[in-house]
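Peer 1:
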Amino acid sequence: MPGVVSKWLDRFSVESQEDSELRGRATAAGCAAIKDAPERERVDIHGVLHDVTLRPVGDVTALEASLYDGTGTITLIWLGRRRIEGIAAGRSLTATGRIGHRGSERVMYNPAYRLDS
Numbered sequence: 001m002p003g004v005v006s007k008w009l010d011r012f013s014v015e016s017q018e019d020s021e022l023r024g025r026a027t028a029a030g031c032a033a034i035k036d037a038p039e040r041e042r043v044d045i046h047g048v049l050h051d052v053t054l055r056p057v058g059d060v061t062a063l064e065a066s067l068y069d070g071t072g073t074i075t076l077i078w079l080g081r082r083r084i085e086g087i088a089a090g091r092s093l094t095a096t097g098r099i100g101h102r103g104s105e106r107v108m109y110n111p112a113y114r115l116d117s
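Under the UniProt record's numbering, think of the first position of the sequence shown as 1, with each following residue one higher.
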């Protein structure tokens, strides 16, 4: 049993370090933390894309991506897009737009974005 506990603690420690690093990068970029970002105001957020999916929203196709910054996750939605060059899981970017809700989920529709190199 000690092996299971130590593996869990190691994983928790690594995830905590990664979260701290992501928060530091967002702060250095002058961006708001996702969990503290105000709604319905223009805001810059910075993080890493965890997943990118294509799904219909009503009658419109939309490209959706989950952006994580170490404090929380927000779904970025580009309506009418099937693909955007450079938008892929694992990429780091800064998104600019207004935060709203889709059900209980925080979303940003058609954000402007800057990819990190």
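Even glycine gets a Cβ: it sits at the ideal position worked out from N, Cα and C. Treat the numbers as computed from the prediction; the structure is a model and nothing was measured.
1) Please tell me whether Val57 has its Cβ less than 9 Å away from any Cβ of chain B.
2) Please report the straight-line C-alpha distance between Gly80 and Arg23, rounded to a whole angstrom.
3) Helix, strand or coil for Thr96, going by three-state DSSP, please let me know.
4) Mapping the DSSP letters down to three states, classify Glu21 as helix, strand or coil.
5) Count the other CB atoms, across all protein chains shown, that sit within 10 Å of the CB of Gly70; report buried if there are 16 or more and exposed otherwise.
Peer 2: Considering the structure as presented:
1) Of the protein chains in the structure, only one exists, and it is not chain B.
2) One alpha carbon belongs to Gly80, the other to Arg23, and they sit about 31 Å apart.
3) Three-state result, Thr96: strand.
4) Three-state result, Glu21: helix.
5) Around the beta carbon of Gly70, 16 or more other beta carbons lie within 10 angstroms, which makes this residue buried.
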